[in-house]
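Protein chains in written order, with this note's numbering: chain A, 46 to 193; chain B, 1340 to 1470. Some notes on the structure that comes next.
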Amino acid sequence: MNCNGCEFRPELYYDSEFQIWVRVEADGALAVGMTDISQTIAGKILHVRVRRPGTPRPAGRPVATIESGKWAGPVPNLFDCTIASANREVLEAPALLNREPYDAWIARVTPAAPPAEALSRFLTGDAAWAAYCERCRRDDIRCRRLDG
Amino acid sequence: MAEPRYLEHEAKSVVIVMTSGPSTRHRCATPFYMGAILASMDAEVRIFFTMEGVKLCQKGVAEHLTAIDGGKTIIEFMRDAKAAGVRFYLCRPALPGYEMEVDSVIDEVDELSSGGELADLILSCDKALFF
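Okay, here's the thing in structure tokens:
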């Protein structure tokens, strides 16, 4: 599925601004990554740094920082969690986030609450799809992927 | 594979004093970029605009200013910093020198402040940066 060329995956969970996606893993951990919208706005990503695994992160405290040549900012966090691991492939090759935003997860976190509770403020499925398209159209976002 | 450079900083407070303005446009993007990174690393970041820096807070200025030809506008860098959690303080006593009125200030400014408040911020923060 895509809107203005921005890929959307209905099975994922999204924040209301579609900065990040979250996926529930088999072991109950939550994988966090950037959306196609976010990677397009950021441009070619040059650096990714994640909090050390084992670090508790309260809601509102970022799990990672992202830098491109023209944009810098947090990977936001909306629930209490602990960093479980970082994707070392992404740390070594940050532009993976531009090429495969939904496969290249950034960090896995262990939520303090059960996943369903931690994700209660996130959008998913049809509701997320409608809001995702609305964001693309409202801000005239047209997604682009890096080649190679 | 080498151990990644994980983020491990404790929360800090940082004040960025922004004195650069449109006459040195190439100095006007990096302070906001750095502010966004610092805020993303848990720092409590305040940017205090004084001297020519106040011009960036005048409506219509940062919207049409870029650090490099064809680059992102300064207001976009400012908004990125705000989105990361940075707070903006504007030096009210500096406004008359640049023929600015309070009602011409952009909405992104959080507080109109005094020189004394800047002194308080500098004396109480962990790090102060000047651009």
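Glycine included, each C-beta is placed from N, C-alpha and C at the ideal position. None of these values were measured; they are calculated from a predicted model.
Neighbour flag for residue i against chain A, beta carbons, 8 Å
i              : result
residue 1376/B : yes
residue 1347/B : yes
residue 1344/B : yes
residue 1452/B : no
residue 1379/B : yes
Proximity below 8 Å, CB of residue i to CB of residue j
i              : j              : result
residue 168/A  : residue 83/A   : no
residue 1386/B : residue 1361/B : no
residue 118/A  : residue 89/A   : no
residue 51/A   : residue 151/A  : no
residue 1470/B : residue 1355/B : yes
residue 1388/B : residue 1437/B : no
residue 1363/B : residue 1392/B : no
residue 1382/B : residue 1421/B : no
residue 80/A   : residue 58/A   : no
residue 1407/B : residue 1395/B : no
residue 73/A   : residue 160/A  : yes
residue 149/A  : residue 126/A  : no
residue 1441/B : residue 1457/B : no
residue 170/A  : residue 98/A   : no
residue 1464/B : residue 1353/B : yes
residue 190/A  : residue 144/A  : yes
residue 75/A   : residue 163/A  : yes
residue 1449/B : residue 1426/B : yes
residue 1379/B : residue 107/A  : yes
residue 49/A   : residue 183/A  : no
residue 130/A  : residue 102/A  : no
residue 1346/B : residue 110/A  : yes
residue 77/A   : residue 67/A   : yes
residue 1390/B : residue 1433/B : yes
residue 9/A    : residue 141/A  : The requested residue 9/A is not part of the displayed model; chain A covers only 46 to 193.
residue 174/A  : residue 63/A   : no
Cutoff 8 Å: residue i Cβ touching any chain B Cβ
i             : result
residue 104/A : no
residue 85/A  : no
residue 67/A  : no
residue 149/A : no
residue 194/A : Residue 194/A lies beyond the range of chain A shown here (46 to 193); nothing can be said about it.
residue 117/A : yes
residue 80/A  : no
residue 107/A : yes
residue 110/A : yes
residue 95/A  : yes
For residue i, three-class secondary structure by DSSP
i              : result
residue 116/A  : coil
residue 1394/B : helix
residue 1343/B : coil
residue 165/A  : coil
residue 126/A  : strand
residue 1359/B : coil
residue 1469/B : strand
residue 173/A  : helix
residue 188/A  : coil
residue 1443/B : helix
residue 1354/B : strand
residue 101/A  : strand
residue 1453/B : coil
residue 147/A  : coil
residue 80/A   : coil
residue 1388/B : strand
residue 139/A  : coil
residue 1435/B : helix
residue 92/A   : strand
residue 178/A  : helix
For residue j and residue i, believed in contact at Cβ under 8 Å, the rounded distance
i              : j              : result
residue 121/A  : residue 65/A   : 6 Å
residue 123/A  : residue 166/A  : 6 Å
residue 95/A   : residue 128/A  : 7 Å
residue 1453/B : residue 1397/B : The pair is not a contact, with the Cβ atoms about 19 Å apart (cut-off 8 Å).
Distance cut-off 7 Å: residue i Cβ against heavy atoms of the ligand SAM
i            : result
residue 73/A : The model on display carries no ligand, and the ligand SAM is accordingly not part of it.
Cβ-based contacts, 7 Å cut-off: residues of the stretch 1382-1411 of chain B near chain A:
1411
Select from the stretch 125-141 of chain A all residues with a C-beta closer than 8 Å to any C-beta belonging to chain B, and list them in chain order.
131, 133, 136 and 137
Residues, ordered as in the chain, of the stretch 1350-1371 of chain B that lie near chain A by beta-carbon distance below 8 Å
none
Determine which residues of the stretch 1414-1426 of chain B have a Cβ less than 9 Å from any Cβ of chain A, and write them out in chain order.
1415, 1416, 1419, 1420, 1422, 1423 and 1424
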